[in-house]
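Colleague: The structure follows.
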Amino acid sequence: MLRQGAAASLAVLQRSKTRSPRLLFNPQRNSIPPQSLSSLSLDHSDEKTRADTATVLSGKCKPNFDAKVSRPLQHKSTFELLQSLLVFEACQFKSLVNRGDLILSTVRTVFGNWAADTIVRYTFFQQFCGGESHEQVVKKMKELKKYSLNSILDYAAENEGTSPRTEKAKAEEIIPLNQPAREYDYENEHQCNAHLETFLKCIRTVHDGGNESKQFAAMKVTGLGSPQLLRRVSTVITQIHATVYASDETKKGYLTRDEFSKVMRIFSNDNDLIEEFLDHLDPNKKNAIDYLDLTSAAFALNFDSETSIKFMDIVPNNVKYSNEERDLIHALLARTNKIAKEASHLGVGLLVDAEQSWFQPAIDGLTVGLQQKYNHVDVCERPVIFTTYQCYRKDALDHIKEDVERSKRLKYHHASKLVRGAYMEKERARALEFGYPSPIHNNIQETNNCYNNAVDYLLREMKYDSGLEFMCATHNQESIEFAIERFHRLGLDGTHNHRLSFAQLYGMSDDLTMPLGENGYNVYKYLPYGKIHEVIPYLLRRAQENGDVLGKSLHEKKMIYNELRQRVKLI
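Residue numbers 1 to 571, in full-length UniProt numbering, belong to the letters of the sequence shown in order.
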């Protein structure tokens, strides 16, 4: 029956290639308060009215987001305002945005690269990016600091593996039933090494442009390893978890040692090896192994662990990595560890970006490993490595709860960034192509509810966990106001101010960022940078994938017109 359950699980995965499932999580065994583990809602029947909340946040604590009062654009010159107006006018034409790459390609063909680069430089690049060179970026960071704004520096190169795929390659992406021969592009490895140096320079630039406040650099894992490899690792992780999950026939949330050993005997008859692995998973002889025990002790990416290597010898051939793949994984781990070590040494925070669902299990595993090492309570007072949760994902809140519990068990500071998500069109298109349910919420209201529930959960955890920090990276005013209200109502203001922060994209939502900075909140501008030709794909994706750019263009234009009218009145 166990063998049938495992086979059935893999058959399901052949039809549905989704994110690593949230498996074997037993709430009764967690130290999280029961009320926190229940499905959260925004029912505030136990609290005072919104008017009373405004009293709690009166004075300096409550930012005024009315642009007519705060005048968030008053620091910009009239020429800069007119440039911004041109950009947001262009953003309103969806057909123009969606064909941006074709238009730029045509300009390059007819007029040359300089013409296309010039157009981008004095429009979208100047609006949304911090510069091309170290000096330009440091200057921009110091300009922002004059207005009490911190910086998140992001090297904005894209590397998602966009080469055409054959039907055979597409089929292998769903789930490989045997170990096919794979060819990895070692030119990509050279690019990854070059990106490593760029990320290290980015961290040093953040350090040079920073001050007493914590500044951040962003790290995109697909720039440091083959996207094909990350898909492969994510598939392996998903298969391992699904096989174990299928064996929990009563769905009690964990496996006994006997149940787990039966699963292992599907793949191996080496009883000594199985017992050794069981002792590693269940050292205290609790006779209960859950999802967190499995991932914490033997995550598929953790090849520095002798037990993990032995574990990979147990699993079936379709899950095993080839020697070449192991070498590539080691190279990826070495690059990310070098970046994390530099960030820790220089006191720079490192935000690990979330990416598409078919890469995310590998990225999650890698990030957990870095957090265990650099966020450990014996190593630092404040966390260095921040993971990212995309709240348009249906499993986002469960993922957050599990990661918080894991940080408690392994004694490291949980640190995260909450976003809504930037790959909506690609996620839905891929789900449709391969015939599996979309992993993202059906509408924006579900996403908003998930985001606010995640904020509420993390703030409640923050009250009892002195090391937990998180960042609300959002352009949604309602979510920001909700976070501020909950933060103060839970009594977290004062000495805990640095533990909750906010962030918006550079060039957008100054009506949110500026009042937050003026009122003493820890707020950041997300500052992409890089050479024009490297940044163009990033800018196009931001415009095409992120509804904020199109949806907020009317709002941004209204703010610009309000500021221009104010200046006319003063003449």
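Even for Gly, the Cβ is constructed at its ideal location relative to N, Cα and C. What you are looking at is a predicted structure, and each value in this text was computed from that prediction instead of being measured.
In angstroms, rounded to a whole number, what distance separates the CA positions of residue 575 and residue 466?
Modeller: In the structure as shown, the chain begins at 1 and stops at 571. Residue 575 is therefore absent and cannot be evaluated.
Colleague: Spell out a yes or no on whether the stretch 65-78 and the stretch 113-131 are touching, meaning 3 or more CB-CB pairs, one atom from each, closer than 8 Å.
Modeller: No, the stretch 65-78 does not touch the stretch 113-131.
Colleague: Taking the C-alpha atoms as reference points, what is the distance between residue 393 and residue 458?
Modeller: Position 393 of the sequence shown, counting from 1, holds the residue named residue 393. Position 458 of the sequence shown, counting from 1, holds the residue named residue 458. Rounded to the nearest angstrom, the gap between the Cα atoms of residue 393 and residue 458 is 17 Å.
Colleague: By Cβ distance below 6 Å, which residues in the same chain neighbour residue 524 in space, the five residues on each side in sequence not counted?
Modeller: Residue mapping note: residue 524 aligns to position 524 of the sequence shown, counting from 1. Correct list, in chain order: 150, 152 and 503.
Colleague: Assuming contact is defined by CB atoms lying nearer than 7 Å, are residue 473 and residue 391 in contact in what I supplied?
Modeller: By 1-based counting over the sequence shown, the position of residue 473 is 473. By 1-based counting over the sequence shown, the position of residue 391 is 391. Against a cut-off of 7 Å, the Cβ pair of residue 391 and residue 473 comes out as no contact.
Colleague: Between the alpha carbons of residue 219 and residue 201, how many angstroms are there, rounded?
Modeller: In the sequence shown, the residue the question calls residue 219 occupies position 219. In the sequence shown, the residue the question calls residue 201 occupies position 201. If you take the alpha carbons of residue 219 and residue 201, they lie about 12 Å apart.
Colleague: Quick check on DSSP: helix, strand or coil for residue 565?
Modeller: Numbered from its first residue, the sequence shown carries residue 565 at position 565. The answer is helix: DSSP assigns residue 565 an H, G or I state.
Colleague: Taking all protein chains shown into account, do 16 or more other C-beta atoms lie within 10 angstroms of the C-beta of residue 69, making it buried, or fewer, making it exposed?
Modeller: If you number the sequence shown from 1, residue 69 lands on position 69. Flag for residue 69 reads exposed.
Colleague: Compute the Euclidean distance between the alpha carbons of residue 401 and residue 450, then round it to the nearest angstrom.
Modeller: Locating residue 401 in the sequence shown gives position 401, where the first residue counts as 1. Locating residue 450 in the sequence shown gives position 450, where the first residue counts as 1. Rounded to the nearest angstrom, the two C-alpha atoms are 13 Å apart.
Colleague: Looking at C-alpha atoms only, which residue of 563, 263, 411 and 570 is the closest neighbour of residue 71?
Modeller: Counting from one through the sequence shown, the residue named residue 71 turns up at place 71. Among 563, 263, 411 and 570, the Cα nearest to that of residue 71 belongs to 563.
Colleague: Check for me: the alpha helix (DSSP H) holding residue 391 runs from which residue to which?
Modeller: Residue mapping note: residue 391 aligns to position 391 of the sequence shown, counting from 1. No alpha helix (DSSP H) holds residue 391; DSSP gives it neither H nor E.
Colleague: Which same chain residues end up closer than 6 Å to residue 505 when comparing Cβ atoms and leaving out the 5 residues on each side of it in sequence?
Modeller: Mapped onto the sequence shown, residue 505 falls at position 505. Excluding residues within five positions, the ones whose Cβ falls inside 6 Å are 526.
Colleague: Who are the near neighbours of residue 60 in its chain, counting only those whose CB is closer than 8 Å to its CB and skipping five residues on each side?
Modeller: Residue 60 sits at position 60 when you count from the first residue of the sequence shown. For residue 60, the pLDDT reaches just 44, beneath the cut-off of 50, and the residue's location in the model is therefore unreliable, leaving the point undetermined.
Colleague: Buried or exposed, going by whether 16 or more other CB atoms sit within 10 Å of the CB of residue 282?
Modeller: As a working mapping, residue 282 is identified with position 282 in the sequence shown. Its Cβ being crowded by 16 or more others within 10 Å, residue 282 is buried.
Colleague: Can you list, in chain order, the residues of its chain with a C-beta nearer than 6 Å to that of residue 413? Leave out the 5 residues immediately preceding and following it.
Modeller: Translated into positions along the sequence shown, residue 413 becomes position 413. Contacts found: 375, 383 and 467.
Colleague: Which residues bound the alpha helix (DSSP H) around residue 113?
Modeller: Walking along the sequence shown from the start, residue 113 turns up at place 113. That run of the alpha helix (DSSP H) goes 113-120.
Colleague: For the stretch 471-486 against the stretch 440-447, do three or more pairs of beta-carbon atoms, one drawn from each stretch, fall closer than 8 Å, so that the two count as touching?
Modeller: no
Colleague: Just confirm the distance between the C-beta atoms of residue 351 and residue 199, as a whole number of angstroms; I'd bet it's less than 8 Å.
Modeller: Numbered from its first residue, the sequence shown carries residue 351 at position 351. Numbered from its first residue, the sequence shown carries residue 199 at position 199. Not confirmed; about 12 Å, so no contact.
Colleague: Can you name the residues that DSSP bridges to residue 349?
Modeller: For this step, residue 349 is matched to residue 349 along the sequence shown. Its beta-bridge partners are 216.
Colleague: Compute the Euclidean distance between the alpha carbons of residue 88 and residue 364, then round it to the nearest angstrom.
Modeller: As a position in the sequence shown, residue 88 is number 88, starting the count at 1. As a position in the sequence shown, residue 364 is number 364, starting the count at 1. Looking at the two C-alpha atoms, the distance is approximately 35 Å.
Colleague: Which stretch, first to last residue, makes up the beta strand (DSSP E) that contains residue 152?
Modeller: Residue numbering aside, residue 152 sits at position 152 when the sequence shown is read from its first letter. Its beta strand (DSSP E) spans residues 150-155.
Colleague: Are the beta-carbon atoms belonging to residue 585 and residue 257 less than 7 Å from one another?
Modeller: The structure shown has nothing for residue 585, since the chain only spans 1 to 571.
Colleague: Report yes if the C-beta distance between residue 651 and residue 406 is below 7 Å; otherwise report no.
Modeller: As shown, the chain starts at 1 and ends at 571. That puts residue 651 outside it, with no answer to give.
Colleague: Going by other Cβ atoms of all chains shown within 10 Å of its Cβ, with 16 needed for buried, is residue 101 buried or exposed?
Modeller: Taking the sequence shown and counting its residues from 1, the one referred to as residue 101 is at position 101. Its Cβ having fewer than 16 others within 10 Å, residue 101 is exposed.
Colleague: Here's the rule: buried if 16 or more other CB atoms are within 10 angstroms of the residue's CB, otherwise exposed. What is residue 359?
Modeller: On the sequence shown, position 359 is the one that residue 359 refers to. Answer is buried; the Cβ neighbour count reaches 16.
Colleague: Please report the distance separating the alpha-carbon of residue 508 from that of residue 339.
Modeller: Start at 1 with the first residue of the sequence shown, and residue 508 comes out as number 508. Start at 1 with the first residue of the sequence shown, and residue 339 comes out as number 339. Going from the Cα of residue 508 to the Cα of residue 339 covers about 29 Å.
Colleague: Assuming contact is defined by CB atoms lying nearer than 7 Å, are residue 261 and residue 240 in contact in what I supplied?
Modeller: On the sequence shown, position 261 is the one that residue 261 refers to. On the sequence shown, position 240 is the one that residue 240 refers to. No, Cβ-Cβ distance for residue 261 and residue 240 is not below 7 Å.
Colleague: Indicate whether residue 131 and residue 529 have their beta-carbon atoms separated by less than 7 Å.
Modeller: Position 131 of the sequence shown, counted from the start, is the residue given in the question as residue 131. Position 529 of the sequence shown, counted from the start, is the residue given in the question as residue 529. Yes, Cβ-Cβ distance for residue 131 and residue 529 is below 7 Å.
Colleague: Quick one: measure Cβ to Cβ for residue 573 and residue 522, integer angstroms, because I've assumed they're closer than 8 Å.
Modeller: Nothing about residue 573 can be read from this structure; the chain reaches only from 1 to 571.
Colleague: Measuring straight from C-alpha to C-alpha, what distance separates residue 610 and residue 566?
Modeller: Outside the shown range of the chain (1 to 571) lies residue 610, about which nothing can therefore be said.
Colleague: Using CA atoms only, rank isn't needed, just tell me which of 264, 322, 533 and 255 is closest to residue 289.
Modeller: The count along the sequence shown starts at 1 and reaches residue 289 at position 289. Comparing Cα-Cα distances from residue 289 to each of 264, 322, 533 and 255, the minimum goes to 255.
Colleague: If you measure between the beta carbons of residue 511 and residue 128, is that distance less than 7 Å?
Modeller: Here residue 511 is taken as the residue at index 511 of the sequence shown, counted from 1. Here residue 128 is taken as the residue at index 128 of the sequence shown, counted from 1. For residue 511 and residue 128, no; Cβs fall outside 7 Å.
Colleague: Please report the straight-line C-alpha distance between residue 323 and residue 329, rounded to a whole angstrom.
Modeller: Mapped onto the sequence shown, residue 323 falls at position 323. Mapped onto the sequence shown, residue 329 falls at position 329. Looking at the two C-alpha atoms, the distance is approximately 10 Å.
Colleague: Ignore the nearest five residues each way along the sequence and tell me which others in residue 104's own chain have a CB closer than 6 Å to its CB.
Modeller: By 1-based counting over the sequence shown, the position of residue 104 is 104. Hits under 6 Å: 116.
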